[in-house]
Amino acid sequence: MPRELPKQYNPQEAQQRWLPFWIERGYYFSDVDPKRRPFSIVIPPPNVTGALHLGHALNNTLQDVLIRWRRMQGYNACWVPGTDHAGIATQAVVEKLILQLEGKTRHDLGREELVRRIWQWKDQYEARILNQLRELGCSCDWRRTRFTLDPICSRAVRETFFRLFRDGLIYRGYRLVNWDTTLQTAVADDEIFHETVPGHFWTFKYPIVGSNEYIRFSTTRPETMLGDTAVAVHPDDPRYRHLIGKKAWIPLVNREIPIIADAELVDPTLGTGAVKVTPAHDFRDYECGLRHGLPMINILNPDGTINENGGKYAGLDRYQARQRVIEDMQQLGLLESVEDRQIELAHSDRSKTPIEPYLSEQWFVRMASLAEKAISAVESGRIRFFPERYARTYLDWLGERRDWCISRQLWWGHRIPIWYTRADESLLRKLFGQRQDIAWQRDDKHEQWLICALTDLPELTDPDSPLQARQDPDVLDTWFSSALWPHEVFGWPEDTPDLRYYYPTSVLVTSRDIITLWVARMVMLGLYNTGQIPFHHVYVHPKILDGFGETMSKSKGNGVDPLDIISLYGTDALRFGLCQLATETQDVRMPVANVCPHCQTLVPQKLEHLYMRTRKVICPQCKKPFRPGGPWPTEDPELPTARQASERFEIGRNFANKLWNAARFVLLNLDDYTPGPVEPTQLPIEDRWILSRLTQVSAEVTAALENYKIADVARQLYDFTWSEFCDWYVEMSKARLREPETRQLAQRVLVGVLDAIVRLLHPLMPFVTESLWQALAESAPQRGLPRPQPAAESVMIAPWPQFPSEWHQPDVERQIARMQELVRAIRNLRSNFQIPEKAEVEVTVRTDRETAEQLELLRPFIVQLARIGQLHCGPEFAKPPLAATSVHADFEAYLHLQGLVDVEAETRRLQKQRQEKERQLQTVRAKLANHQFVSKAPPEVVEQQRQLESELLAQIRLLDEHLSSLGISSR
RNA sequence: GGGCGCUUAGCUCAGUGGGAGAGCACUGCCCUUACAAGGCAGGGGUCGCAGGUUCGAACCCUGCAGCGCCCACCA
């Protein structure tokens, strides 16, 4: 005896039950199997900086939808999970926490200890992240979990670096970098943001050597005068032309510098028309310095203090030095003016402190040839972007071919495998001979050799080695290792069966902000290392913003923990809600609320709750305090932290419950179910209708998945399940289930359609669908359309639905649509005349013979759905004397009122109908009166309008008749 | 400054050349044995602004305004 389902779907129970079930059965696993086609995805590895937020939940839900769908289609689906060490980000988070809790800096701890502490952090958050993914239902092959600092990844990084070095694609050079003086590291262009801050704009002058003239210039950073090596003017500027080639004198450091002409740097209409040039501390000045061969004087120490090149200012912090420079210039009478000005200042994303352009020695990857190949991979169509427009972002960025600075002055990451030695080359030859795993380059500037080795050879690391080599202290940019992700996780550089089978991967799922940082680099290094593209498709999904339109991030504190949503609404609700958001537009706003931990009231999140500015919120309902939800680094024993909620996920929760109850209804009616074939051509119209719709919806859903239109998938399945299957088909089946002669067929089709819906929804809502699949297995182990089959042991491995296209029957759909129109019309009349739900009414439908015959087939349903006692239908019927009327294109419906006519109400109703028809008629007539329209629009459009016009005219005439008869009878 | 997008009902968003849509919120009636996380019915929008193309524009083009993101950057 099948058990009866509870009235409400309990998501937590389903989650607890099916997660271990799926994992134990090994459904998540994928192994090389040449007989099956692979479908592979590598996860964009989340940073171990903290827990996942809704943005990650979206990204991973979409991947799981694709994986589960393809798995059901019979592909050997493999999803490789993992996490990213996220160099700067993670080190910064941990350093900040240590500073907060212990008051220590990384220098107090030392390299080894800091790295140890970050590993601890990593272990904690990696576990938390992987758990979040598991709870989300992500069907990753957990055996394959990787971390970007794993030995397997380290080896790939090492190999890649070595090959690039050997091929001359890696070089060491002086470059102006964005220097973070707090973290004391170079940060990438992508890791800085600009913020407007109040500042000043000073105008100074330098004396011209051998003349009593001065040259005036302005700056927002006076301390950089210490590093000036020229003053530039525009070549055509008459004010300064005579000074070009002369020298100016910087009194502060007692240096003479040339006055040069540079049309690129100088805009004569701005400021004084003369520009001081500090090549070592300004990006545009640097370019100018290169053009003119100017000396580049670095005046800063790594910590932002002035170095020995700053003369008497050496040792001062740069802001103190600025003050002293201003004072000194003023005393010399060389300060002309100061004005207040808002300044756009570059800040480090990580430390939030101002960036200093800083000349330092860094490692670079030459982009030219790598970029070339990566561009052609997309231009040739070997890699496709969805939506297509994002290919532009990718191509534009690669087109710049800016060399990639890969060294970072950090301790957390892949150490650069370079050793420096001053030994003779003869020694190198003697030690390493013709070895293939070691390469070296001469660095004349520092009179040393740069050695790159595949492994940490004792000749390099041993303190007693004659080489006396010392390893570069820096680590590699995080993106260097993530760029290898799609091939390194499958075992590259070894030629493994996994690599040959799963690589290139099928699709990369990501958001648009890392198309350049990550996607482009994966393509470049994937092609370089393997000769193959890393993925065929790139699916770019939107970003989730908070209720104020800002991107979610840990530092803002506006990220929402998906587990909060899961605990409130269930995983399927979360996943379904996220899928609905995955449209092709860019951003989705997600207003959130804090759930009061005391009384569960939803308190909308306000701006001041972000950035952890507000520690305490008083609940407006119960007046008790709590801490708003967010990524707080530590517990607060005094204030409970609120969980976060968003109404957006109610849809998914309600939908899961609706589906649950539809299944509950079906199961309640299966006690005497027997499986048997269903022959569509011999089915009654209501079955042909639902199968037609099912066929159409299945095909559209599959097409939407193929094109990564996941929101369409969600919408189609929601509408079909709720508005067609539940609202109409299930209702219609009630009468049929009561009659013994129709019951058996009704059961078979009901179960068959439900079975298909459950399968179609499984990729989006894995838990509720598995629950229902298992419940169906008890009552109807054999089911399906058109011929029943033993059901798979889990919906996860059930075949993806597909039905013969002949099942789609537009004519049948039109007939059902007309029935629905009639039922709605009668319900509307009932509602208007406040006829009690249970009261049966008498209805007359006047229509032509053919329509009447078609409606006749549906009589039981019309009667049932509109609660009709007596239904008269045909061309021979006239309007009954006392009736409410509804006029339609194919029929008129009359509701008998038996003396209960509220004349006023009926008049109002009819007038409203007439008004609406009249309005439509006006637009139609306006079109037809325009002979441009009649002559130029396609004939079928014109004909359609003509027909509409005559229909509307007829309807209005009828309404007028009814109105006038009411007028008479009311007297 | 350049690029890519967005602006549609109170809120969050679909639609994308020929009759304005969904969910939530709102109104009325209903605890009708699948479902009150529900059912039935209903109200609500000159589709950011201004031009243009077209027989016809929410949809295509141009400009403007506001917003978001990416890139570059005002010495």
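Position 69 of the first sequence, counting from 1, maps to 70 under the numbering used here, and the rest follow consecutively. Quick reminder that beta carbons are idealized off the backbone N, C-alpha and C, glycines included.
**Report entry** Spatial distance of E952 from S381 (CA atoms)
**Finding:** The alpha-carbon of E952 is positioned some 54 Å away from that of S381.
Query - CB contact flag (L184, S352, <9 Å) - result: Using a Cβ distance threshold of 9 Å, L184 and S352 count as a contacting pair.
Requested in this report: Figure out for me which residue from A262, K36, E779, N308 has the closest Cα to the Cα of L295.
Outcome: The option with the nearest alpha carbon to L295 is A262.
**Report entry** Among L266, Q410, V379, G414, nearest to W398 - alpha-carbon criterion
**Finding:** It is V379.
Requested in this report: Compare the Cα-Cα distances from D673 to each of A781, V618, C623 and report the closest residue.
Outcome: Nearest of A781, V618, C623 to D673, Cα basis: A781.
Query raised in the report: For D318, which residues from the same chain have a beta carbon less than 7 Å from its beta carbon, with the 5 sequence-adjacent residues on both sides left out?
Result: Around D318: G305, T306.
Query raised in the report: For H57, does the count of other Cβ atoms within 10 angstroms reach 16, so buried, or fall short, so exposed?
Result: By the neighbour-count rule (16 or more Cβ atoms within 10 Å), H57 is buried.
Query raised in the report: How would you label R342, buried or exposed, when you count the other beta carbons within 10 angstroms and need 16 or more for buried?
Result: R342 should be labelled exposed.
Query raised in the report: For the stretch 59-115, which segments carrying the alpha helix (DSSP H) assignment without a break, of at least 4 residues, lie completely within its bounds, in sequence order?
Result: For the stretch 59-115, whole alpha helix (DSSP H) runs of length 4 or above, ordered along the chain, are 88-103, 107-110.
Query raised in the report: Three-state secondary structure (DSSP) at L333?
Result: Correct three-state label for L333: coil.
Query raised in the report: Taking the alpha-carbon positions, what's the T394 to G630 distance?
Result: Answer to the nearest angstrom: the Cα atoms are 35 Å apart.
Query raised in the report: How many whole angstroms separate the CB atoms of H282 and Y359, which I take to be in contact at a CB cut-off of 8 Å?
Result: Indeed they touch by this definition, with Cβ atoms about 7 Å apart.
Query raised in the report: Looking at C-alpha atoms only, which residue of I260, P467, V490 is the closest neighbour of K431?
Result: Minimum Cα distance to K431 is reached at P467.
Query raised in the report: Between the Cα of L477 and the Cα atoms of K918, Q923, A890, T161, which residue gives the shortest distance?
Result: Its Cα nearest to that of L477, the residue T161 stands out among K918, Q923, A890, T161.
Query raised in the report: Where does the unbroken alpha helix (DSSP H) through S653 begin, and where does it stop?
Result: Checking the sequence shown, residue 653 turns out to be Gly, not Ser. In the DSSP assignment, G653 falls within the unbroken alpha helix (DSSP H) covering 651-669.
Report task. For R242, count neighbouring Cβ atoms within 10 angstroms of its own Cβ and tell me buried if that reaches 16, exposed if not. Result -> In this structure R242 is exposed. Its beta-carbon is surrounded by fewer than 16 other beta-carbon atoms within 10 angstroms.
Query raised in the report: CA-CA distance, R972 and S734?
Result: In this prediction, R972 has a pLDDT of 35, which is less than 50 and means its spatial position is unreliable; nothing more can be read from the coordinates.
Report task. Please name the residue or residues paired with N179 in a DSSP beta bridge. Result -> Note: N179 sits in a beta bridge opposite V188, P358.
Query raised in the report: When the Cα of P459 is compared with those of V714, C139, R471, which residue comes out closest?
Result: Per the Cα distances, R471.
Requested in this report: Throw me the rounded Cβ distance for the R522 and V596 pair, which I believe falls under 8 Å.
Outcome: At roughly 41 Å, the Cβ-Cβ gap does not stay under 8 Å, so R522 and V596 are not in contact.
Query raised in the report: Roughly how many angstroms lie between the CA atoms of T110 and Q101, to the nearest whole one?
Result: Looking at the sequence provided, one finds Leu at residue 110 rather than Thr. Rounded to the nearest angstrom, the two C-alpha atoms are 14 Å apart.
Report task. From the DSSP output, read off the bridge partner residues of V596. Result -> For V596, which the question treats as bridged, DSSP gives the partners L603, R644.
Query - Beta-carbon gap between E687 and Y730 smaller than 9 Å - result: Between E687 and Y730, the C-beta spacing is below 9 Å.
**Report entry** For V943, three-class secondary structure by DSSP
**Finding:** V943 carries a helical assignment under DSSP once its states are collapsed to helix, strand and coil.
Query raised in the report: How would you call S361, buried or exposed, if buried means at least 16 neighbouring beta carbons within 10 angstroms?
Result: S361 is buried by the Cβ-count criterion.
Query - Residues near Q803 in its chain [Cβ-Cβ closer than 8 Å; skip 5 each side] - result: Only S699, A700, T703 meet the Cβ criterion.
Query - Which of helix, strand or coil DSSP assigns to P21 - result: Helix.
**Report entry** Neighbourhood of D444 by C-beta distance below 6 Å, restricted to the same chain and skipping five residues each side
**Finding:** Sequence-distant Cβ neighbours of D444 in its own chain, meaning closer than 6 Å and more than five residues away, are L451.
Requested in this report: For E265, collect the residues of the same chain with a Cβ closer than 8 Å to its Cβ; drop the 5 residues on either side in sequence, then sort them by chain order.
Outcome: Closer than 8 Å at the Cβ level, and outside the excluded window around E265, lie E288, C289, R292.
Report task. Compute the distance between the beta-carbons of Y28 and R72, then report whether it is under 9 Å. Result -> Between Y28 and R72, the C-beta spacing is below 9 Å.
Report task. Using three-state DSSP, classify S483 as helix, strand or coil. Result -> In the structure shown, S483 sits in a helix (DSSP, three-state: H, G or I).
Report task. Might you give, ordered along the chain, the residues of its own chain that have their beta carbon closer than 7 Å to the beta carbon of M2, omitting 5 neighbours on each side? Result -> With a pLDDT of 43 at M2, under the threshold of 50, the predicted position of this residue should be treated as unreliable, and no value is reported.
Requested in this report: Rounded to whole angstroms, what's the CA-CA distance from G624 to F549? Just pull it up for me.
Outcome: A quick correction: the sequence has Lys, not Gly, at residue 624. Roughly 26 Å between the two C-alpha positions.
**Report entry** P882 versus L964, W120, R850, residue with shortest Cα-Cα distance
**Finding:** It is L964 whose Cα lies nearest to the Cα of P882.
Query raised in the report: Taking C-beta to C-beta, are L692 and W801 nearer than 9 Å?
Result: Not closer than 9 Å, so no.
Query raised in the report: Near Q469, what residues of its chain come up, given a Cβ to Cβ distance below 8 Å and the 5 sequence neighbours on each side ignored?
Result: The answer, listed in chain order, is T422, R423, A424.
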